[in-house]
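A.B. asks:
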């Protein structure tokens, strides 16, 4: 159990009850729940969107070491320097195939505490995928918290080139926690500077 404790069948039933047309599931680092999720959503006439909350190596996926972008404090790279986060969503069958490929290679080639992808893999298997900056542990948010706006801008620009301007989003989250509040304004600024769209996301609703 990581970020979510919801049972797939019950979650899909509630989504259908509320009249929502689609639902996404983003397992951490893999797609182990995708088949059950797909079957449940289709049986409820809800569109399933399959994704991953990916772990991204701060440098090469083959580098099995911790990396510091600053002083190694709580604002630095997640897990003491092992990875950052980003969200990937499959748009179509090609994207789904690439998602499966990324999930496999993350474990086979990039595993270091978690299964990790890197920029090389994202560039190679980006077709049919939507990418977002992810949660507060994402690279962009991490660099913004460290006060490194230009580095964050450069990283976001690289991801924009990888996924395409239409398929890369800046995630805005508000769980009333400090690490999110501190980057909100800069994420808005980044969207304007790079002409990138925003998406609003929370881990839970009440």
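Numbering (this note's numbering), first residue to last: 375 to 580. Ideal Cβ positions, reconstructed from N, Cα and C, are used throughout, including at glycine.
Quick one: grab the DSSP three-state call for residue 560.
C.D. replies: In the structure shown, residue 560 sits in a helix (DSSP, three-state: H, G or I).
A.B. asks: I'd like the span of the beta strand (DSSP E) that includes residue 545, first residue to last.
C.D. replies: From DSSP, the beta strand (DSSP E) with residue 545 extends over 542-546.
A.B. asks: By DSSP, does residue 551 sit in helix, in strand, or in coil?
C.D. replies: Of the three classes helix, strand and coil, the one that applies to residue 551 here is coil, per DSSP.
A.B. asks: Going by beta carbon distance, what residues of the same chain come within less than 8 Å of residue 529, once the five residues before and after it are set aside?
C.D. replies: Answer for residue 529: 513, 514 and 517, listed in chain order.
A.B. asks: Roughly how many whole angstroms lie between the Cα atoms of residue 511 and residue 500?
C.D. replies: Going from the Cα of residue 511 to the Cα of residue 500 covers about 21 Å.
A.B. asks: Going by beta-carbon coordinates alone, are residue 389 and residue 477 separated by less than 7 Å?
C.D. replies: No, the pair does not count as a contact, with Cβ atoms beyond the cut-off.
A.B. asks: Does any heavy atom of the ligand PLP sit closer than 6 Å to the C-beta of residue 484?
C.D. replies: No copy of the ligand PLP appears in this structure; indeed no ligand is present at all.
A.B. asks: Exposed or buried, which one is residue 409 when buried takes at least 16 other CB atoms within 10 Å?
C.D. replies: Classification for residue 409: exposed.
A.B. asks: In chain order, which beta strand (DSSP E) runs of at least 3 residues are fully inside the stretch 460-546?
C.D. replies: Runs found: 503-506 and 542-546.
A.B. asks: When we look at the beta-carbon of residue 439 and count the other beta-carbons within 10 Å, is it buried (16 or more) or exposed?
C.D. replies: When all chains shown are included, residue 439 counts as exposed.
A.B. asks: Contact check, residue 457 vs residue 413 under 8 Å by CB: the rounded distance?
C.D. replies: Incorrect: roughly 30 Å between the Cβ atoms, too far for contact.
A.B. asks: Per DSSP, what are the beta-bridge partners of residue 430 in this structure?
C.D. replies: According to DSSP, residue 430 bridges with 458 and 491.
A.B. asks: When the distance is taken between beta carbons, is residue 421 closer than 7 Å to residue 444?
C.D. replies: Cβ atoms of residue 444 and residue 421: not closer than 7 Å.
A.B. asks: What does the alpha-carbon distance come out to for the pair residue 579 and residue 450?
C.D. replies: Any reading at residue 579 must be qualified, since the residue scores a pLDDT of 48, below 50, and its modelled position is unreliable; the value itself is stated next. One C-alpha to the other measures close to 28 Å.
A.B. asks: Quick one: complete beta strand (DSSP E) runs, 3+ long, within the stretch 383-433?
C.D. replies: Qualifying beta strand (DSSP E) stretches, in chain order: 396-402 and 421-430.
A.B. asks: Could you give the distance in angstroms between the alpha-carbon of residue 466 and the alpha-carbon of residue 437?
C.D. replies: Distance between the alpha carbons of residue 466 and residue 437: 31 Å.
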